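S.K.: Okay, handing you the structure first.
In my numbering, the protein residues as written are 2 to 661.
Right, dumping it as structure tokens:
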């Protein structure tokens, strides 16, 4: 009788070696002491409630469980983020599909269209044209013009989704549960430090003044890459108020679609495609990023979309493919310089993979398109301040808007050593403002599978490119959040290379559940129950602001007298939503920071009073815990009165004569 070939034990050894390594790390670092049990219980309860709410749709409408869960999560988003933001994000998405379909048909039209919108509007920010009516008319016009293409893409996308669910209903259900739980971060109002102090500035100015002031005197990051904030601005103007949560849910959805498509392009079956979605959604930073305005969420949608174009062999010689890729590359560069750098290995792979079919004649047009889509902030910054990367590398560019030194944060420059990935996994607080486990456990648990992905011809290219991206991100700065886009890019390769072994699926879902259990360790607000507080008061942000962002409550209750508002350091260094009306004395505004040091050194308070009068300050937002004796004396001399308070934050109003 012929001998039957025996399968190699290597895949099993590598898979379980990674899992064992993760278990060892959990034990050595006593990670059960860091597990946020109340939050993990709440996530489990939310999952059960979502399944219960989806049951009537399955029972009476005969929908699949995955489709029913999608509907439940969407309705929950409308309840907690608001119906108008959801409608605004939906209108923006449909218009983006219409524009993107001019280049390529299919679901890929959505990220391409968003890149087109961002790449156009960034050159028009200083013009007073960003009115709600203008945006609504423009979106409706695009939808009317491209309605047939939009309907065709929507129909095809739904058919692909339905077919994928039918092919692997259990995996689809798990993926939708995890994706929905990740989207709960989008239910929260904007409260993270960088968002309140900086990112809210551009959207708020577009909403209130229909233009962006680009004033680096008041905010040193005012001219930093802004493609992500511009799209936040479009959604906010359309909604008539903050729409961050709804737009972030859209970015999560795009990232999920890119995961599904990439896994399929690599040869993964229906189950592995849903696994890619599930693993991405389970990452703690996916939930964390959904609760804020950081660029990594947008990058983890655009970067895999670009990778899908690279893997796409159909019409590889078509100039449209190159132009679409150029748009996405430019959009990533206009999002953050680091994202553009991480994309370079992907472009090199694309050039090699399609070297025999590259449409060389379209290359100059593609380069120009990428420059237009991604170059706006750099051009404006160079023109207005002399430093295209302000405040970065100012020791070289020597802009007067920032100190003549390179901007850096020594907290995240601990050094790139052999155990950096281990430390990021189990000692996360040393690499990110998080608690242990807040980055998830993929780096360790899938280490063996990563080796299999490098070994498998189907996944080798993507695994190499994503790994180089991780390395490029880590070399200059050991900051874990920046790793998220490259890590997400790696995930489809990992799940396709995941060995088909007995109990292999249990190991996979175990990693996902472990990630979810520690998800709130990526965000101190989520860890301390912000989501629970939000659920307790749907549609009312006041309780959350009172607990986490009292300055935002005071800003919302400011009288509409157009007087200037000086914000002193408290929970935030600045309040970007005040726009040109706001002033701050933190490092975001170096000249005001210098003045703050000078006047606070005068114990009599006279210097404070003179500063307030000279600058016509009408209101001050002060943290009572940090107010100095000099400030209190200055407020008394200036005749200020306490007009409002929330938690430890206070608003002091100055006499009209002082403010005018």
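Backbone N, C-alpha and C fix where the C-beta goes; we use that ideal spot for every residue, glycine too. Remember, it's a predicted structure, so these values are computed and weren't measured experimentally.
Please determine if the region 295-315 and the region 262-269 are in contact, where contact requires at least 3 C-beta pairs separated by less than 8 Å.
M.R.: A contact exists between the region 295-315 and the region 262-269.
S.K.: Closer than 7 Å by C-beta to residue 510: which residues in its own chain qualify, once you throw out the five before and the five after it? Chain order, please.
M.R.: Within the same chain, residue 510 has close Cβ partners 175.
S.K.: Measuring alpha carbon to alpha carbon, tell me which of 574, 386, 149 ends up nearest residue 106.
M.R.: For residue 106, the nearest C-alpha among the options comes from 149.
S.K.: Using a Cβ-Cβ cut-off of 6 Å (strictly less than) and excluding sequence neighbours within five positions of residue 41, which residues of its own chain qualify?
M.R.: Around residue 41: 518.
S.K.: Between the C-alpha atoms of residue 643 and residue 629, what's the straight-line distance to the nearest angstrom?
M.R.: So the alpha carbons of these two residues sit roughly 16 Å apart.
S.K.: Using a Cβ-Cβ cut-off of 6 Å (strictly less than) and excluding sequence neighbours within five positions of residue 48, which residues of its own chain qualify?
M.R.: Result list for residue 48: 178, in chain order.
S.K.: Taking residue 163 as part of the alpha helix (DSSP H), name the residues at either end of that continuous run.
M.R.: Residues 148-168.
S.K.: Note down the Cα distance separating residue 527 from residue 550, rounded to an integer number of angstroms.
M.R.: Distance between the alpha carbons of residue 527 and residue 550 is about 14 Å.
S.K.: My understanding is that residue 104 touches residue 321, with C-beta atoms under 8 Å, so please give their C-beta distance in whole angstroms.
M.R.: At roughly 5 Å, the Cβ-Cβ gap stays under 8 Å, so residue 104 and residue 321 are in contact.
S.K.: Taking the straight line between their C-alpha atoms, what separation do you get for residue 539 and residue 497?
M.R.: Taking the straight line from one Cα to the other gives about 40 Å.
S.K.: Leaving aside the five residues before and after residue 169 along the sequence, list all residues of the same chain whose C-beta is less than 7 Å from its C-beta, in chain order.
M.R.: Here the set comprises 271, 272, 275.
S.K.: I'd like the span of the alpha helix (DSSP H) that includes residue 671, first residue to last.
M.R.: Within the shown structure, residues of the chain are numbered from 2 to 661, placing residue 671 beyond reach of any answer.
S.K.: Closest to residue 206 by CA distance: which of 256, 515, 237 is it?
M.R.: Answer by Cα proximity: 237.
S.K.: For residue 543, which residues of its own chain have a beta-carbon under 8 Å away from its beta-carbon, when the five flanking residues on both sides are left out?
M.R.: Excluding sequence neighbours, residue 543 sits near 554.
S.K.: So for residue 635, helix, strand or coil by DSSP?
M.R.: In the structure shown, residue 635 sits in a helix (DSSP, three-state: H, G or I).
S.K.: I need the boundaries of the beta strand (DSSP E) containing residue 131, first residue and last residue.
M.R.: Note, residue 131: premise wrong, no beta strand (DSSP E); not H, not E.
S.K.: Could you check whether residue 489 and residue 442 sit closer than 8 Å to each other, using their CB atoms as the reference points?
M.R.: Cβ distance not < 8 Å, so residue 442 and residue 489 don't count as in contact.
S.K.: For residue 77, which option in 133, 457, 182 has the closest C-alpha, if you only look at C-alpha atoms?
M.R.: Selected option, being the one with the closest Cα: 182.
S.K.: Looking at C-beta atoms only, is the number of pairs between the region 439-455 and the region 242-262 that lie closer than 8 Å three or more?
M.R.: The region 439-455 vs the region 242-262: no contact.
S.K.: For residue 353, which three-state DSSP category applies?
M.R.: Helix.
S.K.: Going along the chain, which residues of its own chain have a beta-carbon closer than 8 Å to the beta-carbon of residue 267, five neighbours each way excluded?
M.R.: Closer than 8 Å at Cβ, skipping near neighbours: 312, 459, 460, 463, 493, 494, 497.
S.K.: Going by CA-CA distance only, name the one from 618, 619, 611 that's closest to residue 634.
M.R.: It is 611.
S.K.: Compare the Cα-Cα distances from residue 570 to each of 564, 541, 587, 370 and report the closest residue.
M.R.: Out of 564, 541, 587, 370, 587 has the C-alpha closest to the C-alpha of residue 570.
S.K.: What residue range does the alpha helix (DSSP H) around residue 526 cover?
M.R.: Its alpha helix (DSSP H) spans residues 525-528.
S.K.: Helix, strand or coil: which one does DSSP assign to residue 143?
M.R.: It is helical.
S.K.: Apart from the five residues on each side of it in sequence, which residues of its chain come closer than 6 Å, Cβ to Cβ, to residue 186?
M.R.: Around residue 186: 288, 291, 292.
S.K.: Just to confirm the assignment, what range does the beta strand (DSSP E) spanning residue 643 have?
M.R.: Taken as a continuous stretch (DSSP letters only), the beta strand (DSSP E) holding residue 643 covers 642-647.
S.K.: Assign residue 424 to one of two classes, buried (16 or more other C-beta atoms within 10 Å of its C-beta) or exposed (fewer than that).
M.R.: Burial call: buried.
S.K.: If you draw a straight line from the C-alpha of residue 189 to the C-alpha of residue 537, how long is it?
M.R.: C-alpha separation (whole angstroms): 12 Å.
S.K.: Whose CA, out of 434, 389, 10, 131, lies closest to the CA of residue 410?
M.R.: Closest option to residue 410, Cα to Cα, is 434.
S.K.: In the DSSP assignment, what are the bridge partners of residue 653?
M.R.: Per DSSP, 621, 643.
S.K.: Please work out which residues of its chain come closer than 6 Å, Cβ to Cβ, to residue 173, disregarding the five sequence neighbours upstream and downstream, and give them in chain order.
M.R.: Closer than 6 Å at Cβ, skipping near neighbours: 67, 166, 275.
S.K.: Does residue 632 come within less than 8 Å of chain D when only Cβ atoms are used?
M.R.: In the structure shown, chain D cannot be found, because there is only a single protein chain.
S.K.: Determine the DSSP secondary structure at residue 135, reduced to helix, strand or coil.
M.R.: Residue 135: helix per DSSP, three-state reduction.
S.K.: So if DSSP puts residue 565 in a beta bridge, which residue, or which two residues, is it bridged to?
M.R.: Paired residue(s): 618.
S.K.: Under the rule that 16 or more other beta-carbon atoms within 10 Å means buried, what is residue 5, buried or exposed?
M.R.: In this prediction, residue 5 has a pLDDT of 46, which is less than 50 and means its spatial position is unreliable; nothing more can be read from the coordinates.
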